[in-house]
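These protein sequence lines map, in sequence, to chains A and B. Per the working numbering, residue 22 is the first one in the first sequence, and the count goes up by one each step. Per the working numbering, residue 61 is the first one in the second sequence, and the count goes up by one each step. Backbone N, C-alpha and C define an ideal beta-carbon position, used for all residues, glycine too. One structure below.
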Amino acid sequence: MDFTQIVPAMPALWEGMLLTLKMLVLAVSGGVALGTVLALMRLSSNPLLSGLAKTYVNYFRSIPLLLVITWFYLAVPMLLNWITGTFVSVGAFTSCLVAFMMFEAAYYCEIVRAGIQSIPRGQLHAAYAVGMTYGQAMRLIILPQAFRKMMPLLLQQSVILFQDTSLVYAVGLMDFLNTARSKGDIVGLPHEFLIFAGAVYFVISFGASTLVKRLQKRLAV
Amino acid sequence: MSMISIKNVSKWYGEFQVLTDCTTKVSKGEVVVVCGPSGSGKSTLIKTVNALEPFQKGEIFVDGISVGDAKTDLPKLRARIGMVFQNFELFPHLSITENLTIAQQRVLGRSLDEAMQKGMHYLDRVGLKAHAGKFPGQLSGGQQQRVAIARALAMDPIAMLFDEPTSALDPEMVNEVLDVMVELAQEGMTMMCVTHEMGFARKVANRVIFMDRGHIVEDCSKDEFFGNPDARSERAKQFLSKILQH
């Protein structure tokens with residue numbers, strides 16, 4: 022075992038980690054936003070809206086993430102081409118980002134829905150009683166309380182997504198894992214590089230999970 | 061002129077009828093107490109007045125505006141009617157100050173200065189100015205309910221609805237809330253109160269409504285209600301004998 026060769030590869034590995042983190046942050050932001058919209062649709066009394074959201078969630082929760090990533094890599098450019106009428110190249114990063122956002126939104130939707138449902142109905146009534154519209158009541162009263170309650174679950178789901186971002190190797194993106202794999206192959210030390218990558222994923226994921234558990238305890242009080 | 065007028069209102073939850081042909085009104089400056097056993101529909105009735113509960117039949121007018129009309133701007137109408145809930149329903153993620161100002165700013169479009177001034181004025185009136193920076197969870201039930209009353213008053217309502225404002229309180233805190241309500245009544249606020257506090261009713265009510273199984277069984281002046289018990293319906297007599305025994 023020779024781990025010294027990892028040192029010269031550090032700049033490339035760091036680049037890979039930046040891509041991983043950029044993908045994570047954007048996918049979580051987009052996924053939570055879309056998931057919140059889906060949750061509001063699902064809780065709507067309009068059967069069309071709630072049916073649409075339900076179908077969406079059930080569909081994306083029933084297919085593999087890897088399938089979505091590879092499929093969107095082919096489908097997103099085609100779709101944009103169809104909408105705009107001109108050929109646009111979106112690149113692997115964007116198509117992966119859209120895939121993650123749409124896939125994770127299904128999971129975030131269920132978390133946000135449970136969060137909203139955990140806020141007593143009287144809060145909505147109180148918001149209405151002072152003259153707030155549905156939008157104001159959600160934005161100012163219900164969602165801030167719900168997000169606080171579901172923060173640990175949202176973070177936990179994001180830790181899972183952090184690991185799942187490594188699936189971008191399927192469309193050739195050089196994220197942290199893919200960079201480690203390729204650098205290891207080049208210098209002929211695949212084991213060392215993969216062990217190192219595993220350690221990095223473990224430290225970040227486990228550390229984040231521990232923080233989430235602590236946060237959970239503090240919020241519970 | 062009647063501020064709140066309820067005409068032949070009926071409401072169903074699926075097959076179950078919770079309100080049957082309810083008709084009554086509250087005039088400007090009048091204090092009306094609604095009482096009755098649990099499940100009689102009194103809370104449901106008061107919540108139909110600001111459309112927190114929809115109803116299927118009948119009409120309700122508040123200051124001449126139809127509550128049931130689909131074209132009515134409900135948020136705008138609700139902003140003019142104050143409501144106080146059994147479980148206070150202060151917004152727990154906001155400070156007391158923010159609880160008092162958020163709707164003034166976001167709904168009425170008042171400036172922060174104006175909203176603060178108004179909010180602090182009413183917080184002072186309910187005797188809690190010193191608690192402005194705290195959060196609802198740091199206050200006792202009685203204090204929270206007084207803040208809830210101040211929150212409603214800060215909107216300059218034309219009428220106030222109270223839905224069992226003291227029934228979730230520890231006995232020692234009931235009076236501090238009732239005192240605020242009595243003062244309000246004496247100042248001429250139009251009030252509709254669902255409550256079992258008969259002492260409050262005797263002191264300030266103009267009329268008493270008694271409900272049972274979704275019907276308005278009695279609707280008469282306070283003097284008639286308390287002073288002439290023999291003329292009351294069997295159900296009301298039974299109810300009164302139970303709650304006035306002690």
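Check	Outcome
C-beta atoms of B:F145 and B:D223 nearer than 8 Å	yes
Selected residue, minimal CA-CA separation from B:C82, among B:M63, B:V91, B:I106 and B:E75	B:I106
Test: A:G51 CB closer than 8 Å to a CB of chain E	The displayed structure is made up of protein chains A and B, and chain E is not among them.
Simplified DSSP assignment, three categories, for B:R267	strand
Beta-carbon proximity check, A:L61 vs A:M122, cutoff 8 Å	no
Cα-Cα separation between B:M241 and A:R239, rounded to whole angstroms	38 Å
Where B:N68 falls: helix, strand or coil (DSSP)	strand
Interfacial residues, the stretch 100 to 134 of chain A to chain B, with Cβ spacing under 7 Å	none
B:M215: CB within 7 Å of a non-hydrogen atom of the ligand MG	With respect to small molecules bound, the structure shown includes none, and the ligand MG cannot be examined in it.
Contacting positions in the stretch 149 to 178 of chain A - beta carbon closer than 7 Å to chain B	Y149, A150, V151, G152, M153, T154, Q157, L161, I162, P165, Q166 and R169
The stretch 69 to 76 of chain A contacting the stretch 104 to 122 of chain A, beta-carbon criterion three pairs below 8 Å	no
Close Cβ partners of A:L47 (< 7 Å) along its chain, the five nearest in sequence each way excluded	L118
Unbroken beta strand (DSSP E) run spanning B:L79, endpoints	F76 to S87
For A:Y94 and A:S116, believed in contact at Cβ under 8 Å, the rounded distance	5 Å
Other residues of its chain near A:L182: CB distance less than 8 Å, five sequence neighbours each side excluded	L45, A48, V49, G52, F121 and E125
is_contact[A:Q138, chain B] using C-beta, thresh 8 Å	no
Chain B contact for A:Q237 (CB, 8 Å cutoff)	no
Local conformation of B:D173 per DSSP, three classes	helix
Runs of alpha helix (DSSP H) wholly within the stretch 179 to 262 of chain B (minimum 4 residues, chain order)	201 to 213 and 231 to 246
B:M180 to B:K297 span [Cα, whole Å]	44 Å
Buried or exposed (CB count within 10 angstroms, at least 16 for buried), A:I27	buried
Simplified DSSP assignment, three categories, for B:H275	strand
C-alpha gap between A:T186 and A:Y128, whole angstroms	15 Å
Three-state class that DSSP yields for B:K131 in the structure shown	coil
C-alpha distance - B:A265 paired with B:E90, whole-angstrom precision	8 Å
A:A54 and A:K204 closer than 8 Å at C-beta	no
The alpha helix (DSSP H) enclosing B:I156, as first and last residue numbers	I156 to R166
is_contact[B:K136, chain A] using C-beta, thresh 8 Å	yes
Reference B:A212; option with closest CA among B:E232, B:G193, B:S87 and B:L183	B:L183
Cβ of B:R166 within 8 Å of any chain A Cβ	yes
Closer than 8 Å to chain B by CB, A:H146	yes
Local conformation of A:G209 per DSSP, three classes	coil
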